[in-house]
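Chemist: Taken in sequence, the protein lines are chains U and W. Residue numbers for the first sequence follow the working numbering, beginning at 1230 and rising by one. Residue numbers for the second sequence follow the working numbering, beginning at 1230 and rising by one. We put the beta carbon where it would ideally sit given N, CA and C, even for glycine.
There are 2 protein chains.
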Amino acid sequence: MSESCRHNGRTSCTVPSSEQVQDLLLQAEKLCAGRQQRFTELRRKVLELVCQYKQPVGAYDLLDDLKQTGRSAAPPTVYRALDFLQSQGLVHRLATNNTYIACAHPQHEHTGLFFVCHRCGFTQEVHTDEIVQAVRQQAVTLDFTVEKAAVEVSGTCHDCQSGNDDV
Amino acid sequence: MSESCRHNGRTSCTVPSSEQVQDLLLQAEKLCAGRQQRFTELRRKVLELVCQYKQPVGAYDLLDDLKQTGRSAAPPTVYRALDFLQSQGLVHRLATNNTYIACAHPQHEHTGLFFVCHRCGFTQEVHTDEIVQAVRQQAVTLDFTVEKAAVEVSGTCHDCQSGNDDV
DNA sequence: CAAGTTATGTTATATTATAACATAACATTT
DNA sequence: AAATGTTATGTTATAATATAACATAACTTG
Ligand SMILES: [Zn+2]
Ligand SMILES: [Zn+2]
Ligand SMILES: [Zn+2]
Ligand SMILES: [Zn+2]
């Protein structure tokens, strides 16, 4: 299901549900294999941990989780794994709150576009051609070669707008 | 000159030049006065320091600068001033590299759109209606209430593309 | 297996930012 | 002007995030 996906236009993407995690891990394994990149146990484990969160997660939370598994772990352990996962497009880093989130469709390159609810933390990745195109067009105007773009919008999500102040 | 400015469409904005700093400080003073906000000596000084950099500057660099002036200063000193300046739209924070930059036209609210050269550090703020509009449109689709948006594009600026590897 | 490369373990430290509480400055009312 | 409330700053300590540096282990390739 997540093997092939079409993200034309403004398609929204969700964090994989529990039953999809294994699928996504398999996908990640294939992706890395195809690129001659080593999808090690540690990297798999970290990606799995990231996936298990419904929301973006901090590096030190992942570190705590890793320690729980009995495995030896220090900050570099998790940061190196996250660096690798990011380099493969399997994980995005949200700069505005120093968190990490699994990408639901790493099979094609893309800029991370995120809408982050600062009330409940719900974070939605989207693929909006208009945004990407607008950034690209501005880059042309500036004669700027884009390497990567971060678009992080914070505000209130649909569910949190319903007037109830106590979620 | 910076008193009234028209940023219709894709207008680029630069960090104020040295001779413009006093103008910008005066503008900031008026702006705060009009809002019943206290533009204290400390806040003025921090804004001035930020303006004096041609590139985004880190909080601890500003802290060092503050100390040079003889004034007592600790991290909270500069962070509180920066928080205030951000709240008034006088300064933007770049989340992708934890730096702060003066806004060249704080007189109207806007999202910060930045193109950051990772080679020379040159950072260009732009006002691109297309980008803002595209984000807004996507927010409508998601029924998401935007509070603030951060768009930070990193790559190579015009000057750094000229093939020379040793700037 | 040997040699080279890449990944991980480990310790220490750098960098960025905030908590908490005391004091000072300013504003407002009497 | 004194009293009072509010906002800003000083000060100390610490939290939160991330990396440097170097040793060891694992994997890869010839
Ligand atoms: Zn993604
Ligand atoms: Zn929400
Ligand atoms: Zn601005
Ligand atoms: Zn450059």
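Report yes if the C-beta distance between Ala1378 of chain U and Val1364 of chain U is below 8 Å; otherwise report no.
Modeler: yes
Chemist: Considering Cα atoms alone, identify which of W:Arg1322, W:Arg1264, W:Leu1255 is closest to Phe1343 of chain W.
Modeler: W:Arg1322
Chemist: Tell me whether Phe1344 of chain W, by its Cβ, gets closer than 7 Å to a heavy atom of ligand 4.
Modeler: no
Chemist: State buried or exposed for Arg1235 of chain W, treating a residue as buried only when at least 16 other CB atoms are found within 10 Å of its CB.
Modeler: Since pLDDT at Arg1235 of chain W reaches only 46, below the 50 mark, its modelled position is unreliable, and no value is offered.
Chemist: Jot down the residue ranges of each uninterrupted beta strand (DSSP E) in the segment 1277 to 1333 of chain W, minimum 3 residues, whole runs only, in chain order.
Modeler: 1320 to 1323, 1328 to 1331
Chemist: Do you know how far the Cα of Gly1384 of chain W is from the Cα of Glu1277 of chain U?
Modeler: 31 Å
Chemist: Contact defined as beta carbons within less than 8 Å: I believe Phe1380 of chain W pairs with Thr1340 of chain W. What is the distance between those atoms, to the nearest angstrom?
Modeler: According to the sequence displayed, residue 1380 of chain W carries Val and not Phe. Right, their Cβ atoms sit about 7 Å apart.
Chemist: Let me check one thing: in DSSP terms, what residues is Lys1377 of chain W bridge-paired to?
Modeler: U:Ser1383
Chemist: Could you tell me whether any Cβ in chain W is nearer than 8 Å to the Cβ of Leu1371 of chain U?
Modeler: yes
Chemist: Sorry if obvious, but does the Cβ on Glu1410 of chain W come closer than 7 Å to a heavy atom of ligand 3?
Modeler: In the structure displayed, chain W extends from 1230 to 1396; residue 1410 of chain W sits before or after that span and is not available.
Chemist: Taking only the alpha-carbon atoms, compute the straight-line gap between Ala1333 of chain W and Leu1314 of chain U and give it to the nearest angstrom.
Modeler: 37 Å
Chemist: Over the uninterrupted alpha helix (DSSP H) stretch that includes Glu1359 of chain W, give me the two end residues.
Modeler: 1358 to 1371 is the extent of the alpha helix (DSSP H) around Glu1359 of chain W.
Chemist: Can you give me, in chain order, the residues of the segment 1325 to 1349 of chain U that have a beta carbon less than 8 Å from any beta carbon in chain W?
Modeler: Listed in sequence order: Thr1325, Leu1342, Phe1344, Cys1346, His1347.
Chemist: So for Glu1354 of chain W, helix, strand or coil by DSSP?
Modeler: strand
Chemist: Taking 6 Å as the limit between beta carbons, can you name the residues of its chain near Gly1238 of chain U, skipping five residues before and five after?
Modeler: Low confidence applies here, because Gly1238 of chain U scores a pLDDT of 39, under 50, leaving its location unreliable and the question unanswered by this model.
Chemist: Could you list which residues in chain W have their beta carbon closer than 7 Å to that of Gln1366 of chain U, in chain order?
Modeler: Glu1359
Chemist: Can you tell me whether Glu1354 of chain U sits near ligand 1, meaning its C-beta is under 7 Å from at least one heavy atom of the ligand?
Modeler: yes
Chemist: Find the residues of chain U that neighbour Cys1386 of chain W, judging by a C-beta separation of less than 9 Å, and give them in chain order.
Modeler: Near Cys1386 of chain W (Cβ distances below 9 Å), the residues of chain U are Leu1371, Asp1372, Phe1373, Thr1374.
Chemist: Please look up how many angstroms separate the CB atoms of Leu1260 of chain U and Gln1297 of chain U, rounded, as I've assumed it's under 8 Å.
Modeler: About 27 Å; that fails the 8 Å criterion.
Chemist: Measure from the alpha carbon of Asp1312 of chain W to the alpha carbon of each residue in W:Ile1330, W:Thr1325, W:Asn1326, then state which is nearest.
Modeler: W:Ile1330
Chemist: What residue from W:Ala1302, W:Pro1285, W:Lys1283, W:Gln1249 has the CA that sits closest to Arg1272 of chain W's CA?
Modeler: W:Ala1302
Chemist: Can you name, in chain order, every residue of its own chain whose Cβ lies under 6 Å from the Cβ of Phe1373 of chain W, other than the five neighbours on each side?
Modeler: none
Chemist: Just tell me which of U:Gln1366, U:Val1361, U:Val1345 has its CA closest to the CA of Asp1388 of chain U.
Modeler: Answer by Cα proximity: U:Val1345.
Chemist: Work out the CA separation of Glu1248 of chain U and Leu1292 of chain U for me, nearest whole Å.
Modeler: 23 Å
Chemist: Please classify Pro1285 of chain W as buried or exposed, where buried requires at least 16 other C-beta atoms within 10 Å of its C-beta.
Modeler: buried
Chemist: Within 10 angstroms of the Cβ of Gln1367 of chain W, are there 16 or more other Cβ atoms? Answer buried if so, exposed if not.
Modeler: buried
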